[in-house]
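Undergrad: In this note's numbering, the protein residues as written are 29 to 444. Even for Gly, the Cβ is constructed at its ideal location relative to N, Cα and C. Just so you know, these numbers come straight off a predicted model, no measurement behind them. Take a look at this one; I'll ask things after.
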Amino acid sequence: MAAPTWEAVLRHHPDDVGAAQELARAREALGDAEGAAAVLATQAARPDTADPAALWLEAARLRTGAARREALVQAVEAGCLHPGTYARALDLDPEDPGLAARWAHLRRVLGGETCPEAAPFAARDALDAPARDALLPPSLEGWLAPLGDGLLAPALPDRAELVRGLEPLATAHPDAADVVADLAARLRIAPPEVFVFRGPGDFGLATWPTTPPAVLLGAAHLPGGARALAPAPLRWALAVPLALLAAGHPALESDPSLVGTSRQLYRVFGRYAGLAEDAVDLLTLVPGVDHLARLERLLRATRRVFAARKAVDKASRLASPWVERRLAGPAGPRGLGPTLLGGARLRAQLHADRIALALTGDLGAAVEALLLTSPAPPELGAGAAGGLAALLAGEAGLRPDEVVRLTSLVGWAARA
29 MAAPTWEAVL RHHPDDVGAA QELARAREAL GDAEGAAAVL ATQAARPDTA DPAALWLEAA
89 RLRTGAARRE ALVQAVEAGC LHPGTYARAL DLDPEDPGLA ARWAHLRRVL GGETCPEAAP
149 FAARDALDAP ARDALLPPSL EGWLAPLGDG LLAPALPDRA ELVRGLEPLA TAHPDAADVV
209 ADLAARLRIA PPEVFVFRGP GDFGLATWPT TPPAVLLGAA HLPGGARALA PAPLRWALAV
269 PLALLAAGHP ALESDPSLVG TSRQLYRVFG RYAGLAEDAV DLLTLVPGVD HLARLERLLR
329 ATRRVFAARK AVDKASRLAS PWVERRLAGP AGPRGLGPTL LGGARLRAQL HADRIALALT
389 GDLGAAVEAL LLTSPAPPEL GAGAAGGLAA LLAGEAGLRP DEVVRLTSLV GWAARA
């Protein structure tokens, strides 16, 4: 059919991807490459499009220069968890060596490929306060303000009691202490004292904004430990608590049970999660859609929701009484309940994760460190070497907050 016919079809059925593709082919055949690309880009930008990455990639093929680069960025953002998206984007050449190097690195991490040329992308030499603030996840800025009265901030423990009997990191692992000093200098903060804790459950890190601040590191991550971290993953792991201190995030009480279940993954995103549970059922539980595609749709949905406060406010006016009660929570109408607390803590964590990755530039090291310092089974840390995409697609017993941290980190790295 001719282009005008397909245009008529799209006017009556704007969500018809096939009609959009046929119209694009017709326009391309007439020599209107930009017109064809515009049709595909419009369809790709629709929130209900099933596979926007493929449409953006086709639009990129039809464009050149900065327009091609932008279409490729959109494609990678939409399909950030699929190694194949990066492969096709690189084949189309973004004409940006830094971007190409970053995408090659992400492709290797997601696919578990051996690509000598896919080295970690360039790390930032320094991150002052404005640069750190620029890495805030959508709507995090100002979102922690209600916590200023201390309703959810626990009384900090006495620092002397907190670190009593713990070994300084400078004694247990001098090289790691040097890493802390270097990272702190890049963040423009004084290096906190880091102590090693031992005993049952001696993994993970804890950040305490005492005076002076203290960071606790599980002995399991030191050489010879059950969750030992190589130098690059250890560097990212140490950067995270320093980022929390540099960004001034409060110490919040936390409980893994607050982050919900895998079926309601969205609720870990915080206070407004209940407003979108119906959408989550549609976006993440549709039969026949692979798990990675569901997670990518979830990432796109959360960006839209939290970037558009007006939409959230409108949704809240339409919320059911049950959702309104959830928003209020047990702490009253200000919403200072478990949902807000879980979301606040996770969002602060996402911010720190981004800062740490910006300082280190190695997504593979970040993934390994995140898995080994979390309650995830330690074998999953090694399993990530076979490809993060396979690990996520297999739903290998990861907690919802771990899935969110991993996917959010990849999504940010893909478009940063």
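(1) Specify whether the segment 405 to 415 and the segment 237 to 245 touch according to this definition: at least 3 beta carbon pairs, one from each stretch, less than 8 Å apart.
(2) In this structure, how does DSSP classify Ala242 when only helix, strand and coil are distinguished?
(3) Determine the extent of the beta strand (DSSP E) in which Leu155 is found, giving its start and end residues.
(4) For Thr77 versus Asp43, is the C-beta spacing smaller than 9 Å?
(5) Between Leu134 and Leu419, how many whole angstroms is the CB-CB distance? I'm expecting something under 8 Å.
(6) Let's see if you can read the secondary structure: which residues bound the beta strand (DSSP E) around Thr235?
(7) Leaving out five residues on either side along the sequence, give the residues of the same chain with a beta carbon under 6 Å from the beta carbon of Ala380.
(8) Determine the contact status of Ala88 and Ala103, defining contact as a CB-CB distance below 9 Å.
(9) Out of Ile217, Arg192, Gly389, point me to the one whose CA is closest to Phe223's CA.
(10) What's the call for His41, buried or exposed, on a 16-neighbour Cβ count within 10 Å?
(11) Would DSSP call Pro228 helix, strand or coil?
(12) Run the CB neighbour count on Pro122, radius 10 Å, all protein chains shown included, and call it buried at 16 or more, exposed below.
(13) Relative to the alpha-carbon of Arg226, which residue among Val207, Glu430, Ala247 has its alpha-carbon at the smallest distance?
(14) Using a Cβ-Cβ cut-off of 6 Å (strictly less than) and excluding sequence neighbours within five positions of Ala384, which residues of its own chain qualify?
(15) In terms of residue numbering, what span does the alpha helix (DSSP H) encompassing Leu164 cover?
(16) Can you look up Pro196 in the DSSP assignment and give me helix, strand or coil?
(17) Please give the ranges of any beta strand (DSSP E) in the segment 417 to 441, keeping only runs that are unbroken, at least 3 residues long and fully inside the region.
(18) How would you label Thr92, buried or exposed, when you count the other beta carbons within 10 angstroms and need 16 or more for buried?
(19) Assuming Leu90 contacts Ala65 (C-beta within less than 8 Å), just tell me the rounded distance between them.
(20) On a Cα-Cα basis, can you pick out the residue from Leu109, Asp119, Arg216 that is closest to Ala441?
(21) Measure the Cβ-Cβ separation of Asp230 and Gly253 and say whether it is below 9 Å.
(22) Please classify Glu141: does DSSP put it in a helix, a strand, or coil?
(23) Please go through the same chain and pick out, in chain order, the residues whose beta-carbon is closer than 7 Å to the beta-carbon of Ala48, but skip the five residues on each side of it.
(24) Do you know how far the Cα of Ala159 is from the Cα of Ala274?
(25) Within the continuous alpha helix (DSSP H) that includes Arg55, where are the two ends?
(26) Report the partner residues of Val222 according to the DSSP bridge assignment.
(27) Applying the 10 Å Cβ sphere with the 16-neighbour rule, what's the burial state of Asp177?
(28) Going by DSSP, what residue range makes up the alpha helix (DSSP H) through Thr113?
(29) Here's a check: name, in chain order, each residue in its chain whose Cβ is nearer than 7 Å to the Cβ of Asp124, leaving out the five neighbours to either side.
(30) Quick one: is Glu396 buried, meaning 16 or more other Cβ sit within 10 Å of its Cβ, or exposed?
(31) Using only alpha-carbon positions, find the residue among Ala162, Leu85, Ala146 that is nearest to Arg116.
(32) Ignore the nearest five residues each way along the sequence and tell me which others in Thr388's own chain have a CB closer than 8 Å to its CB.
(33) Out of Gly59, Val438, Ser402, state which residue places its alpha-carbon closest to the alpha-carbon of Leu416.
(34) What separation, rounded to the nearest whole angstrom, lies between the Cα atoms of Gly107 and Gly139?
(35) Would you decide whether Ala450 is buried or exposed? Buried here means 16 or more other CB atoms lie within 10 Å of its CB.
(36) In the structure shown, what three-state DSSP assignment does Asp203 receive?
TA: With the structure as the only source:
(1) With a cut-off of 8 Å, the segment 237 to 245 and the segment 405 to 415 do not count as touching, because too few Cβ pairs lie within range.
(2) Reading the sequence shown from its first residue, position 214 is the one you call residue 242. Strand at Ala242.
(3) In the sequence shown, residue 155 corresponds to position 127, counting from 1. Where Leu155 is concerned, there is no enclosing beta strand (DSSP E), given that its DSSP letter is neither H nor E.
(4) Residue mapping note: residue 77 aligns to position 49 of the sequence shown, counting from 1. Residue mapping note: residue 43 aligns to position 15 of the sequence shown, counting from 1. Yes, Cβ-Cβ distance for Thr77 and Asp43 is below 9 Å.
(5) As a first step, residue 134 is located in the sequence shown; it is residue number 106 there, counting from the start. As a first step, residue 419 is located in the sequence shown; it is residue number 391 there, counting from the start. No, Leu134 and Leu419 are not in contact; Cβ-Cβ is about 14 Å, not under 8 Å.
(6) Here residue 235 is taken as the residue at index 207 of the sequence shown, counted from 1. Per DSSP, Thr235 belongs to the beta strand (DSSP E) from 233 to 236.
(7) Stepping through the sequence shown from its first residue, residue 380 is reached at position 352. Val268, Ala271, Leu272, listed in sequence order.
(8) Here residue 88 refers to the residue found at position 60 when the sequence shown is read from its first residue. Here residue 103 refers to the residue found at position 75 when the sequence shown is read from its first residue. Contact flag set, yes.
(9) As a position in the sequence shown, residue 223 is number 195, starting the count at 1. Cα-wise, what sits closest to Phe223 is Arg192.
(10) Along the sequence shown, one-based indexing puts residue 41 at 13. Label assigned to His41: exposed.
(11) To locate residue 228, count along the sequence shown from 1; it is residue 200. Here Pro228 sits in coil by DSSP.
(12) Taking the sequence shown and counting its residues from 1, one reaches residue 122 at position 94. Around the beta carbon of Pro122, a 10 Å sphere encloses 16 or more other beta carbons of the protein chains shown; the residue is thus reported as buried.
(13) Reading the sequence shown from its first residue, position 198 is the one you call residue 226. Checked all of Val207, Glu430, Ala247; the closest Cα to Arg226 is Ala247.
(14) Here residue 384 corresponds to residue number 356 of the sequence shown, with the count starting at 1. Once the five neighbours on either side are set aside, the close Cβ partners of Ala384 are Trp264, Ala267, Val268, Ala271.
(15) By one-based count along the sequence shown, residue 164 stands at place 136. First-last for Leu164: undefined, no H or E at that position.
(16) Sequence index remark: in the sequence shown, residue 196 carries index 168 (1-based). Here Pro196 sits in strand by DSSP.
(17) none
(18) As a working mapping, residue 92 is identified with position 64 in the sequence shown. It is exposed - the Cβ of Thr92 has fewer than 16 other Cβ atoms within 10 Å.
(19) In the sequence shown, residue 90 corresponds to position 62, counting from 1. In the sequence shown, residue 65 corresponds to position 37, counting from 1. 4 Å between Cβ atoms; contact.
(20) Here residue 441 is taken as the residue at index 413 of the sequence shown, counted from 1. Of the candidates Leu109, Asp119, Arg216, the one whose C-alpha sits nearest the C-alpha of Ala441 is Leu109.
(21) For the purposes of this step, residue 230 is taken as the residue at position 202 of the sequence shown. For the purposes of this step, residue 253 is taken as the residue at position 225 of the sequence shown. For Asp230 and Gly253, yes; Cβs fall inside 9 Å.
(22) One-based indexing of the sequence shown puts residue 141 at position 113. Reduced to three states, the DSSP call for Glu141 is coil.
(23) On the sequence shown, residue 48 is found 20 positions in, with the first residue counted as 1. Around Ala48: Leu38, Val67, Leu68, Gln71.
(24) Mapped onto the sequence shown, residue 274 falls at position 246. Mapped onto the sequence shown, residue 159 falls at position 131. Each residue's Cα considered, the two are about 11 Å apart.
(25) Locating residue 55 in the sequence shown gives position 27, where the first residue counts as 1. Per DSSP, Arg55 belongs to the alpha helix (DSSP H) from 45 to 57.
(26) The residue you call residue 222 lines up with position 194 of the sequence shown. According to DSSP, Val222 bridges with Val243.
(27) Taking the sequence shown and counting its residues from 1, the one referred to as residue 177 is at position 149. Residue placement at Asp177 cannot be trusted, given a pLDDT of 41 that sits under 50; the coordinates are not used to answer.
(28) The residue given as residue 113 occupies position 85 in the sequence shown. Element bounds for Thr113: 111 to 119.
(29) By one-based count along the sequence shown, residue 124 stands at place 96. Taken in chain order, the residues that qualify are Arg97.
(30) The residue labelled residue 396 in the question sits at position 368 within the sequence shown. Buried is the call here.
(31) Here residue 116 corresponds to residue number 88 of the sequence shown, with the count starting at 1. It is Leu85 whose Cα lies nearest to the Cα of Arg116.
(32) Indexing the sequence shown from 1 puts residue 388 at position 360. Counting only Cβ-Cβ distances below 8 Å, and skipping sequence neighbours, we find Pro148, Ala151, Ala260, Arg263, Trp264, Ala267, Ala394.
(33) One-based indexing of the sequence shown puts residue 416 at position 388. For the residues Gly59, Val438, Ser402, the minimum Cα distance to Leu416 belongs to Val438.
(34) Position 79 of the sequence shown, counting from 1, holds the residue named residue 107. Position 111 of the sequence shown, counting from 1, holds the residue named residue 139. Each residue's alpha carbon lies about 13 Å from the other.
(35) Past the boundaries of the shown model lies residue 450; the chain is included only from 29 to 444, so the question cannot be answered.
(36) In the sequence shown, counting from the first residue as 1, residue 203 sits at position 175. Three-state DSSP puts Asp203 in a helix.
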